[in-house]
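Adding 12 to a residue's 1-based position in the sequence shown gives its number in the working numbering.
Cβ coordinates follow ideal geometry from the N, Cα and C atoms, glycine included.
Everything numeric in this text was worked out from a predicted model, so none of it was measured.
Notes follow the structure.
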Amino acid sequence: MTSLTPPNAQFDHLDDHVADHGAEHPDHRMFGLATFLVADAMTFAGFFAAYLTFRAVNPLMPGAIYELELPLPTLNTILLLVSSATFHRAGVNLRRQNNERCRLWLMLTAFLGLGFLASQMVEYFTLPFGLTDNLYASTFYALTGFHGLHVTLGTLMILIVWWQCRSPSGRVTASNHFPLEAAELYWHFVDGIWVILFVILYLI
Numbered sequence: 013m014t015s016l017t018p019p020n021a022q023f024d025h026l027d028d029h030v031a032d033h034g035a036e037h038p039d040h041r042m043f044g045l046a047t048f049l050v051a052d053a054m055t056f057a058g059f060f061a062a063y064l065t066f067r068a069v070n071p072l073m074p075g076a077i078y079e080l081e082l083p084l085p086t087l088n089t090i091l092l093l094v095s096s097a098t099f100h101r102a103g104v105n106l107r108r109q110n111n112e113r114c115r116l117w118l119m120l121t122a123f124l125g126l127g128f129l130a131s132q133m134v135e136y137f138t139l140p141f142g143l144t145d146n147l148y149a150s151t152f153y154a155l156t157g158f159h160g161l162h163v164t165l166g167t168l169m170i171l172i173v174w175w176q177c178r179s180p181s182g183r184v185t186a187s188n189h190f191p192l193e194a195a196e197l198y199w200h201f202v203d204g205i206w207v208i209l210f211v212i213l214y215l216i
C-alpha cells in the first residue's frame, strides 16, 4: 500500500533543506564586495605612490606647484565624514524595521554626497591651474576626478537602495539588508580614501 506524504510536510522538508544548505553555504556576496574594494584600494594606492614618488624625485620648477586653499577641501571632508554617520543611522533604522526613518537618513546621505560633488566642482572652477598646465595639475585632477567618480557611483547606489526600501515588503528589508550593507561599506571606503587624498594633496 502506497503512503502519500502530506503536501505541508513536503514543503516543511524543503524549507529545512534550504535552511541547512544556507548554513553550509553562506552568502559570499560580502566577500566578493570586500575583494573588489581591496582591488580598488590597490588602484588608489598605485596613484598615491606614483604621486608621492614624483614629488620626491622630480621637484618641479618654482611656481609649478600651487598653494591650494583649504576651506573647500575641509568642507568636503566634513561632508563625507558626516555622511558616514548618517548612512550608519540608516542601517540601524532598517534593522529596526523602521523603513521611513531609514529612507530619511539615506536621502540625507545622498544630499551630503551631492554637496561634496558640487563643492568639488566649485573648487575646480576656482583653481589657479588647468588640467594640462603641468604634470602636477594633471595628477591632481586625475586623483580627485577618480575619487569623484566613486562618490558619484556611491550616491547612485544610495538612491537605488532608498527606492528599494520604500516599504517593509520591498526588496531591501530588515531580513534582506545586504544591498544597504554593501552600499554602506562602499561609502565608508570612499570616505576613507578621501581622508588619505586630503592629507596627501592638501596637507603634505
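Cα atoms of residue 84 and residue 117: separation of roughly 24 Å, rounded to the nearest angstrom. Close CB contacts of residue 203 within its chain, under the 6 Å cut and outside five residues either way in sequence, are with 92, 96 (chain order). The residue from 49, 215, 103 with its alpha-carbon nearest to that of residue 177 is 103. A Cβ-Cβ contact shorter than 9 Å links residue 125 with residue 199. The C-alpha of residue 86 is placed about 14 Å away from the C-alpha of residue 205. Take the alpha-carbon of residue 101 and the one of residue 190: they are about 15 Å apart. When secondary structure is reduced to three states using DSSP, residue 130 falls in the helix class.
Annotated as distal: residue 67 and residue 186, with beta-carbon spacing of 9 Å or more. Secondary structure of residue 53 (DSSP, three-state): helix.
Taking 9 Å as the cut-off, the Cβ atoms of residue 208 and residue 60 count as close.
Every candidate beta strand (DSSP E) stretch fails here, since none sits fully inside the segment 78-125 while reaching 3 residues. In this structure, DSSP gives residue 162 a helical state, which the three-state scheme calls helix. Looking at the backbone, the Cα of residue 123 and that of residue 160 are separated by about 15 Å. In this structure, residue 151 keeps its C-beta atom at 9 Å or more from the C-beta atom of residue 120. Remark: C-beta atoms of residue 164 and residue 213 do not approach each other more closely than 9 Å. The beta carbon of residue 53 sits closer than 8 Å to the beta carbons of 201, 205 from its chain, once the five residues preceding and following it are set aside; these are given in chain order. Counting along the chain, residue 190 sits inside the alpha helix (DSSP H) bounded by residues 190-210.
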